[in-house]
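Peer 1:
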Amino acid sequence: MSAADLPIPPEVFYDEAPPLSDDELERMFSAVDNIAFDGKFMLAEAFDVLADVEVDQPSYPAAQATARWQVNDDRTAAWAATKLAAAEGEVARLTAQRDEWMERIGVWFDQASRKPRRTAEFMRGQLERYGLAVREETGQATLALPDATVRTTHHKARLEVTDDEVLADWLDHHATDWKERFYPDGVFDEEAWEKLVRRTAKVYVGEARKVLRIVEVGDGARGTVLMDCGHRDSAYRALEGEEFDMPDVGDVHVCFECDPTGKPVLVEGSFVEKRTIPVVVGVTDEVVPGATVRSAETTATVEVNL
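According to the numbering used here, numbering within the sequence shown proceeds without interruption in unit steps and concludes at 353.
Written out as structure tokens, the structure reads:
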């Protein structure tokens, strides 16, 4: 049990007037704040300026005397320790009060904002869908409305590395194939290899595009996950004979349409459809491990005019 747990005031350890009063401490803290503000110091630096025994601060003589004070015997040490315990106990009490209030505020906010948040999510989804439909029908990329602007952007299918080590090993193993195709003059040295693959390993997509390409194959399937937020995740792809590793109903999933950083949602269902899918192939048209295709897509964003 510490002194902070006992109803013992610091003055018990000092039968005379305490070394420093609360008013003196407050004046010192105020002086430190002023010095920090005027001199653009950090607070610790400002305190060192005030406590400097070689440089007087004419504007703060009393505060400087307090800053220069030091514990110099057991009695003042006991007094200081009790003041410390009492101060940290107060900070702990206030911290607990803050946490309780923040929890209450969080609960209040979740309840109070539930309807407008769901309304906003629904309306945003409707506007994004409409913006994509308008673009597909008319080619118009931006839709200006009285209180919002819907912008759509088309992204081409692009190569995406999923496993640097696996892809680097494949490139190394098939080096003869693509070196002959893309460097017919034989000018390929370690410096050129370093531009493509850096061993830890790290494959650089810009260079990899020179030796890899994206093709559509007809013996594939795509899996789509339905989320309780109303969005879909169609990023699950597999070739014939491969298995899908899709989440089950009730599993926690992540929706990047609700929140770009990923919002936890629940899986409501899923389905698989046969279709052509894009794959990454090398010079000899074999599917390349360690790489995938980020499908071409047109995205929409809604900017609300507040």
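Each residue gets a CB set at the ideal place from its N, CA and C atoms; glycine is no exception.
Would you give the residue range spanned by the alpha helix (DSSP H) that H220 belongs to?
Peer 2: Locating residue 220 in the sequence shown gives position 173, where the first residue counts as 1. It spans D211 to H220 - the alpha helix (DSSP H) in which H220 sits, taken as one unbroken run.
Peer 1: Drop a sphere of 10 angstroms on the beta-carbon of S317, count the other beta-carbons inside from all chains shown, and report buried for 16 or more, exposed for fewer.
Peer 2: Your numbering for residue 317 matches position 270 in the sequence shown. That one is buried.
Peer 1: Apart from the five residues just before and just after I82, which ones in its own chain have a Cβ nearer than 7 Å to its Cβ?
Peer 2: By one-based count along the sequence shown, residue 82 stands at place 35. If we look at I82 and ignore the five residues flanking it on each side, its Cβ neighbours are F88, A93, V96 and L97.
Peer 1: Exposed or buried, R115, counting other C-beta atoms within 10 Å across all chains shown (16 or more means buried)?
Peer 2: For this step, residue 115 is matched to residue 68 along the sequence shown. Exposed: under 16 other Cβ atoms inside 10 Å.
Peer 1: Once the 5 residues before and after T348 are set aside, which same chain residues still bring their CB inside 6 Å of it?
Peer 2: Here the question's residue 348 lines up with position 301 in the sequence shown. For T348, where only same-chain residues beyond five positions count, the Cβ hits under 6 Å are R198.
Peer 1: Tell me the DSSP secondary structure of G270 in three-state form.
Peer 2: Your numbering for residue 270 matches position 223 in the sequence shown. Three-state DSSP puts G270 in a strand.
Peer 1: So the beta strand (DSSP E) L206 belongs to, where does it begin and stop?
Peer 2: Residue 206 sits at position 159 when you count from the first residue of the sequence shown. Segment R205 to V208, the beta strand (DSSP E) holding L206.
Peer 1: Can you name the residues that DSSP bridges to G316?
Peer 2: Taking the first residue of the sequence shown as position 1, residue 316 is located at position 269. Paired residue(s): L273.
Peer 1: Just how far apart, CA to CA, sit V102 and A132?
Peer 2: Along the sequence shown, read from residue 1 onward, the residue named residue 102 stands at position 55. Along the sequence shown, read from residue 1 onward, the residue named residue 132 stands at position 85. Rounded to the nearest angstrom, the two C-alpha atoms are 32 Å apart.
Peer 1: Please list, in chain order, all residues of the same chain as R256 whose beta carbon is under 7 Å from its beta carbon, the five residues on each side excluded.
Peer 2: Translated into the one-based positions of the sequence shown, residue 256 becomes position 209. The residues are L206.
Peer 1: Starting from V67, follow the beta strand (DSSP E) in both directions and report where the run begins and ends.
Peer 2: Here the question's residue 67 lines up with position 20 in the sequence shown. Looking at the sequence shown, residue 67 is not Val but Leu. Taken as a continuous stretch (DSSP letters only), L67 belongs to no beta strand (DSSP E), as it is neither H nor E.
Peer 1: Measuring only the C-alpha atoms, how far is D121 from A143?
Peer 2: Numbered from 1 along the sequence shown, position 74 holds the residue referred to as residue 121. Numbered from 1 along the sequence shown, position 96 holds the residue referred to as residue 143. Distance between the alpha carbons of D121 and A143 is about 32 Å.
Peer 1: Nearest-angstrom Cα distance between A80 and P105?
Peer 2: Residue numbering aside, residue 80 sits at position 33 when the sequence shown is read from its first letter. Residue numbering aside, residue 105 sits at position 58 when the sequence shown is read from its first letter. For the sequence presented, residue 80 should be read as Asp rather than Ala. Cα to Cα, the separation comes out at about 16 Å.
Peer 1: Please state if the CB of A110 and the CB of A134 are separated by a distance shorter than 9 Å.
Peer 2: Here residue 134 corresponds to residue number 87 of the sequence shown, with the count starting at 1. Here residue 110 corresponds to residue number 63 of the sequence shown, with the count starting at 1. Against a cut-off of 9 Å, the Cβ pair of A110 and A134 comes out as no contact.
Peer 1: How would you call Q158, buried or exposed, if buried means at least 16 neighbouring beta carbons within 10 angstroms?
Peer 2: For the purposes of this step, residue 158 is taken as residue 111 along the sequence shown, with counting starting at 1. By the 10 Å Cβ count, Q158 comes out exposed.
Peer 1: Mapping the DSSP letters down to three states, classify A50 as helix, strand or coil.
Peer 2: The residue labelled residue 50 in the question sits at position 3 within the sequence shown. Annotation note: pLDDT 47 at A50 (below 50); position unreliable, coordinate value reported separately. Helix at A50.
Peer 1: Would you mind stating whether P294 and V319 have Cβ atoms separated by less than 9 Å?
Peer 2: Taking the sequence shown and counting its residues from 1, one reaches residue 294 at position 247. Taking the sequence shown and counting its residues from 1, one reaches residue 319 at position 272. Their beta carbons are not under 9 Å apart, which means P294 does not touch V319 by this criterion.
Peer 1: For a quick check, are the C-beta atoms of T113 and L72 less than 9 Å apart?
Peer 2: Against the sequence shown, residue 113 aligns to sequence position 66. Against the sequence shown, residue 72 aligns to sequence position 25. Taking 9 Å as the cut-off, the Cβ atoms of T113 and L72 count as close.
Peer 1: For S350, does the three-state DSSP call read helix, strand or coil?
Peer 2: Start at 1 with the first residue of the sequence shown, and residue 350 comes out as number 303. Here residue 350 is Glu; the residue named in the question, Ser, does not match the sequence. In the structure shown, E350 sits in a strand (DSSP, three-state: E or B).
Peer 1: With a threshold of 9 Å between beta-carbons, can V102 be considered close to chain B, or not?
Peer 2: Among the protein chains of the structure shown there is no chain B, as only one such chain exists.
Peer 1: Determine whether the beta carbon atoms of D211 and V250 lie at a separation below 9 Å.
Peer 2: Here residue 211 is taken as the residue at index 164 of the sequence shown, counted from 1. Here residue 250 is taken as the residue at index 203 of the sequence shown, counted from 1. Yes, Cβ-Cβ distance for D211 and V250 is below 9 Å.
Peer 1: Just how far apart, CA to CA, sit V340 and V252?
Peer 2: For the purposes of this step, residue 340 is taken as residue 293 along the sequence shown, with counting starting at 1. For the purposes of this step, residue 252 is taken as residue 205 along the sequence shown, with counting starting at 1. So the alpha carbons of these two residues sit roughly 12 Å apart.
Peer 1: Kindly indicate which residue of N119, V301 and L90 has the alpha-carbon position closest to the one of G277.
Peer 2: The count along the sequence shown starts at 1 and reaches residue 277 at position 230. Considering only alpha carbons, the answer is V301.
Peer 1: Checking the sheet assignment: what are the DSSP bridge partners for D280?
Peer 2: For the purposes of this step, residue 280 is taken as the residue at position 233 of the sequence shown. Residue pairing by DSSP puts D280 in a beta bridge opposite V272.
Peer 1: Could you name the residues of the same chain whose beta carbon sits closer than 7 Å to that of Y107, not counting the 5 residues immediately before and after it, in chain order?
Peer 2: On the sequence shown, position 60 is the one that residue 107 refers to. Here the set comprises A78 and L97.
Peer 1: Could you give the C-beta distance for A338 and T209, rounded to a whole number, given that I count them as a contact under 8 Å?
Peer 2: Against the sequence shown, residue 338 aligns to sequence position 291. Against the sequence shown, residue 209 aligns to sequence position 162. 6 Å between Cβ atoms; contact.
Peer 1: So, under 8 Å CB-CB, L174 and A195 are touching, yes? Tell me the CB distance rounded to an integer number of Å.
Peer 2: Counting from one through the sequence shown, the residue named residue 174 turns up at place 127. Counting from one through the sequence shown, the residue named residue 195 turns up at place 148. That pair is a contact at about 7 Å.
Peer 1: List the DSSP bridge partners of C302.
Peer 2: Here residue 302 corresponds to residue number 255 of the sequence shown, with the count starting at 1. Partner(s): K310.
Peer 1: DSSP three-state call for A125: helix, strand or coil?
Peer 2: Position 78 of the sequence shown holds residue 125. Three-state result, A125: helix.
Peer 1: Run through the stretch 67-97 for me and flag every whole alpha helix (DSSP H) of 4 or more residues, listed as ranges in chain order.
Peer 2: 69-86
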